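Asker: I am attaching a structure below and will ask some questions about it afterwards.
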Amino acid sequence: MMSELKIGIDFHGVISASPEAFGVFCHEIRRLGVMVYVISGGPLADVKAFLLKYGIEFDEVWAIADYYCGKGEAKYFDDGSFFVPTELWDKAKGAFCAKEGILFHIDDSPVYGKHFVTPYCQYDLKTGGCLLNNGVEVDFNEPKAAAQTVARLVKENLV
């Protein structure tokens with residue numbers, strides 16, 4: 012995909028909580044010319060395996076744990092768990108989105124939003140709504156329509 016329009020979607024609590032809906036959303040938004048970056052705590056291999064199992068389309072997958080492990084700032088344990096210092100963890104997604112030119116990010120955590128310059132849409136699994144930091148709400152109960160809304164917001168620079 013040659014597009015420079017990019018969005019980020021959190022894995023745990025967003026895609027993992029509603030894979031069918033986000034499968035439709037990701038397919039539709041990519042069809043509309045917007046790249047999808049799946050952004051996760053990790054581990055990267057587990058996230059990719061899940062996405063492939065559910066047929067969820069994406070352009071890139073990035074994981075905090077793998078990134079910091081590669082820099083020697085995280086530790087993996089024999090049981091598969093990992094540790095990244097909180098001060099690095101909380102800022103990682105926002106820094107990655109800014110560096111990569113991601114124009115819109117969907118996440119369920121209220122903690123990370125304050126570290127973003129990228130427009131941040133806080134997803135609520137219970138309602139299916141996603142509230143942007145500028146007050147705009149996107150309804151993910153209709154994932155195809157949500158993809159069209161997000162694509163329009165990004166393309167028209169309305170976020």
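Heads up: the sequence shown begins at 12 in this note's numbering, then just goes up one per residue. We put the CB at the ideal spot given by N, CA and C, even for glycine. Because the structure is a prediction, the values reported are computed rather than measured.
1. Roughly how many angstroms lie between the CA atoms of D118 and G19, to the nearest whole one?
2. How would you write the range of the beta strand (DSSP E) that L16 sits in, first residue to last?
3. Kindly give me the distance between the Cβ atoms of V25 and Y134, rounded to whole angstroms, as I take these residues to be in contact under 8 angstroms.
4. Rounding to the nearest angstrom, what Cα-Cα distance links F69 and V128 in this structure?
5. In whole angstroms, what is the alpha-carbon distance linking Y79 and F88?
6. Which residues does DSSP list as the beta-bridge partners of H116?
7. Using CA atoms only, rank isn't needed, just tell me which of S51, I113, N168, I75 is closest to L99.
8. Going by the beta-carbon positions, is the gap between K82 and F93 smaller than 9 angstroms?
Answerer: Taking the geometry as given:
1. 8 angstroms
2. Here L16 belongs to no beta strand (DSSP E), and DSSP marks it neither H nor E.
3. 5 angstroms
4. 23 angstroms
5. 14 angstroms
6. G19, Y131
7. I75
8. no
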